[in-house]
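**Student:** Following this message is one structure expressed as C-alpha cells.
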Amino acid sequence: MITAERKPLEELIEYVKPYKRILLLGCNECVTVCAAGGRKEVGLLASGLQMALLKSGISIDIRQHTLERQCDPEYVEEIVSMIAGVDAVVSMACGCGVQQLAMRYKDKPIFPAVNTKFMGASERQGVWAERCQGCGNCLLGETGGICPIARCAKQLMNGPCGGSAGGHCEISEDVDCAWQLIWDRLKALGKEESFVEITPAKDWRSGGGSGPRKIIREDLAE
Amino acid sequence: MSFQKKLSTKEFAVLAEMHTPKGVNIARLVNDARRIKGRVDAIVVPDMDNGIVRMSALAGGVLMRQEGIETIMHMYCRDKNRLALQGDAMAAHVLGISNIVVTHSEDMSQSDHREAKTVDDIDEFELLSALRSLSSGKDMEGFELDGIPSFTAGCTLAPWDDEKMLAKELEFARKKVEAGASFIITPPVFDVAAFDGFLDKAKGLGVPIIPTVFLLKSLAIAQYIANSEPGANISDDLIRRIRKSPDRELEGTKIAGETIAALKGKAQGVKVQTLGWEHKLPEIFDVAGV
Numbered sequence: 019m020i021t022a023e024r025k026p027l028e029e030l031i032e033y034v035k036p037y038k039r040i041l042l043l044g045c046n047e048c049v050t051v052c053a054a055g056g057r058k059e060v061g062l063l064a065s066g067l068q069m070a071l072l073k074s075g076i077s078i079d080i081r082q083h084t085l086e087r088q089c090d091p092e093y094v095e096e097i098v099s100m101i102a103g104v105d106a107v108v109s110m111a112c113g114c115g116v117q118q119l120a121m122r123y124k125d126k127p128i129f130p131a132v133n134t135k136f137m138g139a140s141e142r143q144g145v146w147a148e149r150c151q152g153c154g155n156c157l158l159g160e161t162g163g164i165c166p167i168a169r170c171a172k173q174l175m176n177g178p179c180g181g182s183a184g185g186h187c188e189i190s191e192d193v194d195c196a197w198q199l200i201w202d203r204l205k206a207l208g209k210e211e212s213f214v215e216i217t218p219a220k221d222w223r224s225g226g227g228s229g230p231r232k233i234i235r236e237d238l239a240e
Numbered sequence: 189m190s191f192q193k194k195l196s197t198k199e200f201a202v203l204a205e206m207h208t209p210k211g212v213n214i215a216r217l218v219n220d221a222r223r224i225k226g227r228v229d230a231i232v233v234p235d236m237d238n239g240i241v242r243m244s245a246l247a248g249g250v251l252m253r254q255e256g257i258e259t260i261m262h263m264y265c266r267d268k269n270r271l272a273l274q275g276d277a278m279a280a281h282v283l284g285i286s287n288i289v290v291t292h293s294e295d296m297s298q299s300d301h302r303e304a305k306t307v308d309d310i311d312e313f314e315l316l317s318a319l320r321s322l323s324s325g326k327d328m329e330g331f332e333l334d335g336i337p338s339f340t341a342g343c344t345l346a347p348w349d350d351e352k353m354l355a356k357e358l359e360f361a362r363k364k365v366e367a368g369a370s371f372i373i374t375p376p377v378f379d380v381a382a383f384d385g386f387l388d389k390a391k392g393l394g395v396p397i398i399p400t401v402f403l404l405k406s407l408a409i410a411q412y413i414a415n416s417e418p419g420a421n422i423s424d425d426l427i428r429r430i431r432k433s434p435d436r437e438l439e440g441t442k443i444a445g446e447t448i449a450a451l452k453g454k455a456q457g458v459k460v461q462t463l464g465w466e467h468k469l470p471e472i473f474d475v476a477g478v
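Protein sequence lines, in the order shown, are assigned to chains A and B. Under this note's numbering, the first residue of the first sequence carries the number 19, and numbering increases by one thereafter. Under this note's numbering, the first residue of the second sequence carries the number 189, and numbering increases by one thereafter.
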C-alpha cells in the first residue's frame, strides 16, 4: 500500500486560516489502512483543527467527508456539490488523490493534509516499512523475494557493501542489510549460485528515469 | 584582459565553444585551441550536458589553461548531487577555472546512456546559489571553507518559439540573476534585427547578454533549425543565400562571421558554436574582423 503520515497541525492551520468554509476529505484506501487519512483521522483532524483555530480566535466551518478512493475520477465526481459549497479542500489522501482533486476542480484550492511516504507493508501493529520503489522491472524473482532497490540504502545490484555488519546496514543498527537478507534467503532456497552472478547496471528507464510514467492498457482504455 | 574584466568594463568578449573528445585523444581539441589563441577571450568547454558521454569539462578546461587560454566551464545538475557539484566547483577554481556557465541538460532519455539514473538533486537556480555561497566562504550547509574560491557564474536561456515562451525564459533568467548569474548566454542568433528586439526586453535583467553565433554547416541544418525552432528567426532569405551559394560551407562561415561583426556594439560579446568544426573558427574570425 501507499503509506502516509499526517502533516503537523501548524502547517495545516497556515493552509486553512484564510478560508471560511473548508472540506476535509478522507480516503478509504491505503491511507485508511495506515491510519493517516481515513474516516477516523478526518474526524480527529477536524476536531484538532477546530480547537487550535478557536484558540487563535479563528472560526472556520469544517465539513467532513471520506471518499471510497480519491485517485479515481468516478468517486471524485461524486462530490461536485460539496466542493461548490466550500472555499478550499484539505485532502487526507496520498499525493495521487490530491492531484486527482486538483485536476477535476481547477478553480478550488486543494491542500494536502498528509505527507505521502512510500510503498510499504505492515511489519506489526503501527509499523510500516518500505518494500517497493516501483522501479518498473521487478527483480524479486532473482533476489529471493527481497528488494535491493527499496531496502538497500545504496540500491546496490551486487551487494552487500563493506558497511554490512552483523546483518545490519551501516546507516543504522535498526535497518537490516537487504543483501544479508537476500543471501540468507537464497541459501535457504538452495539458490546460492544466483548470488555470485554479477548483475549488470540497471536500466532505470522503467523506474522513472525517462520522466513520469504511464500505463496504457489498450484492451481497457476508452 | 580577463573575461570577468571584459564584462565589467563592457568590452566585447569573444568566446568559442570547444567540446572535449569522446575518448582520450585530446590532439584535435588542443590543436584547435592553439589556432585561436589570442583571438578569443575564453574557450567555453561544455560538459556532458548534451547527454553524450565524453571527457569531463574540468579536464578540458585544465588543458585550455595549460595552453594559456582562459576557460568557461559548463556545469549542470542531471548527473551529480550537491556534494559532487560543490567539489567540482572548488576543484575548478584550484585548477585555474573560475568562470562557470550553469546550463540546462538534456533529459537522460535523449542521452547516449538512456538507461542511466538521473540525479537532479538540485536545480540550476540552486547550483547558482551554491556557487555564490562557496564564493562567500561557505558550502550549501553553511560550513566554512578553508580557502575561499571565487567564481564568475553565468547562465543560459533556452530557445523560445514565441513571445509567451520568451517571457517565461526572461522570468527564469531574472531568477537566475537573483541566484547569482552575472552574465547570460542566449540561443543562436541568425537575425540581428530580431535580436535587437530581444535585447530591449532583456535589458531589465541588468547583466551582460552574450548571444550564441552558430555555424550553419549545411543547407539541411539551416532548414532543420528554421523548421524546428521558429524563435531562431532563420529567414527565407538566409536559406536562399545558402542554397544559391556555389560553396555552402564557405557561405556558412561568412554568415557566422558577419553575424559576429553585426553584433559588435550591440551585445556584450559572442559565443561561437561550431559543433565539431572548430577548425573553421579562424576563418570565421577573419570574416568577423576579430
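We put the CB at the ideal spot given by N, CA and C, even for glycine.
Please name the residues in the stretch 289–301 of chain B whose beta-carbon is closer than 8 Å to at least one beta-carbon of chain A, in chain order.
**Tutor:** Listed in sequence order: D295, M296 and S297.
**Student:** Flag this pair as yes or no: are the beta carbons of T462/B and L469/B separated by less than 8 Å?
**Tutor:** A contact, by the Cβ cut-off of 8 Å.
**Student:** Counting along the chain, where does the beta strand (DSSP E) carrying K135/A start and finish?
**Tutor:** Per DSSP, K135/A belongs to the beta strand (DSSP E) from V132 to R142.
**Student:** Could you spell out the range, first to last residue, of the beta strand (DSSP E) harbouring L85/A?
**Tutor:** Taken as a continuous stretch (DSSP letters only), the beta strand (DSSP E) holding L85/A covers D79 to L85.
**Student:** Mind listing which residues of the stretch 203–220 of chain A have their C-beta closer than 9 Å to chain B's C-betas, in chain order?
**Tutor:** From the stretch 203–220 of chain A, only A219 and K220 have a Cβ closer than 9 Å to chain B.
**Student:** Taking the DSSP output, what are the residues bridged to K459/B?
**Tutor:** The partner list for K459/B (beta bridge, DSSP) reads L203/B and T400/B.
**Student:** I'd like to know if the stretch 161–172 of chain A and the stretch 68–75 of chain A are in contact, where contact means that at least 3 CB-CB pairs between them fall below 8 Å.
**Tutor:** Judged by Cβ distances under 8 Å, the stretch 161–172 of chain A makes no contact with the stretch 68–75 of chain A, as fewer than three pairs qualify.
**Student:** Just to confirm before moving on: does the CB-CB distance between L404/B and I448/B stay below 8 Å?
**Tutor:** For L404/B and I448/B, no; Cβs fall outside 8 Å.
**Student:** Mind pulling the chain A residues with CB within less than 7 Å of K305/B?
**Tutor:** By Cβ distance, chain A contributes W222 and G227.
**Student:** Considering only C-alpha positions, which residue in the set C265/B, T374/B, A367/B and R320/B is nearest to M296/B?
**Tutor:** Of the candidates C265/B, T374/B, A367/B and R320/B, the one whose C-alpha sits nearest the C-alpha of M296/B is C265/B.
**Student:** Based on Cα-Cα distance, which residue from Q298/B, E332/B, T340/B and L438/B lies nearest to L316/B?
**Tutor:** L316/B has its Cα closest to that of T340/B, out of Q298/B, E332/B, T340/B and L438/B.
**Student:** CA-CA distance, K126/A and V104/A?
**Tutor:** When rounded, the distance between both Cα atoms is 9 Å.
**Student:** Please look up how many angstroms separate the CB atoms of C89/A and A22/A, rounded, as I've assumed it's under 8 Å.
**Tutor:** In fact, because the Cβ distance is near 13 Å, the residues do not count as touching under 8 Å.
**Student:** Where do the N-terminal and C-terminal ends of the beta strand (DSSP E) with I310/B fall, by residue?
**Tutor:** Per DSSP, I310/B belongs to no beta strand (DSSP E) and is neither H nor E.
**Student:** Which residues does DSSP list as the beta-bridge partners of M263/B?
**Tutor:** V290/B.
**Student:** List the DSSP bridge partners of S109/A.
**Tutor:** S109/A is bridged to L43/A and P130/A.
**Student:** Count the other CB atoms, across all protein chains shown, that sit within 10 Å of the CB of I336/B; report buried if there are 16 or more and exposed otherwise.
**Tutor:** So I336/B ends up on the exposed side.
**Student:** Use the C-beta contact count for H301/B: other C-beta atoms within 10 angstroms, 16 or more gives buried, fewer gives exposed.
**Tutor:** Classification of H301/B: exposed, given that the 10 Å Cβ count is below 16.
**Student:** By Cβ distance, which residues of its chain are closer than 6 Å to A139/A, with the 5 residues on each side in sequence left out?
**Tutor:** Around A139/A: R149.
**Student:** Pull up the distance between the alpha-carbon of F473/B and that of K193/B, whole angstroms please.
**Tutor:** Answer to the nearest angstrom: the Cα atoms are 22 Å apart.
**Student:** Give the DSSP-derived three-state secondary structure of K326/B in the structure shown.
**Tutor:** In the structure shown, K326/B sits in a strand (DSSP, three-state: E or B).
**Student:** Have a look at S293/B, D379/B, A414/B and L246/B and flag the residue whose alpha-carbon is nearest the alpha-carbon of V401/B.
**Tutor:** Nearest of S293/B, D379/B, A414/B and L246/B to V401/B, Cα basis: D379/B.
**Student:** Is it true that the CB of K389/B sits closer than 8 Å to the CB of E312/B?
**Tutor:** No. Outside cutoff.
**Student:** State the CB to CB distance for the pair F191/B and I260/B, rounded to an integer number of angstroms; the pair is presumed to be in contact (CB under 8 Å).
**Tutor:** That pair is a contact at about 7 Å.
**Student:** Report the option in E258/B, A247/B, R428/B and L251/B whose CA atom is closest to the CA atom of A204/B.
**Tutor:** A204/B has its Cα closest to that of E258/B, out of E258/B, A247/B, R428/B and L251/B.
**Student:** Near M243/B, which residues of its chain fall below 6 Å by C-beta distance, leaving aside the five closest residues on each side in sequence?
**Tutor:** T208 and P209.
**Student:** Report all residues from its chain with a CB closer than 7 Å to the CB of I422/B; omit the five preceding and five following residues, and keep chain order.
**Tutor:** Counting only Cβ-Cβ distances below 7 Å, and skipping sequence neighbours, we find F378, A410, I413 and A414.
**Student:** So, helix, strand or coil for I234/A, using DSSP?
**Tutor:** Looking at I234/A - three-state DSSP - the assignment turns out to be coil, as it is neither helix nor strand.
**Student:** What's the gap between the Cα of I430/B and the Cα of G385/B?
**Tutor:** Cα-Cα distance, rounded: 25 Å.
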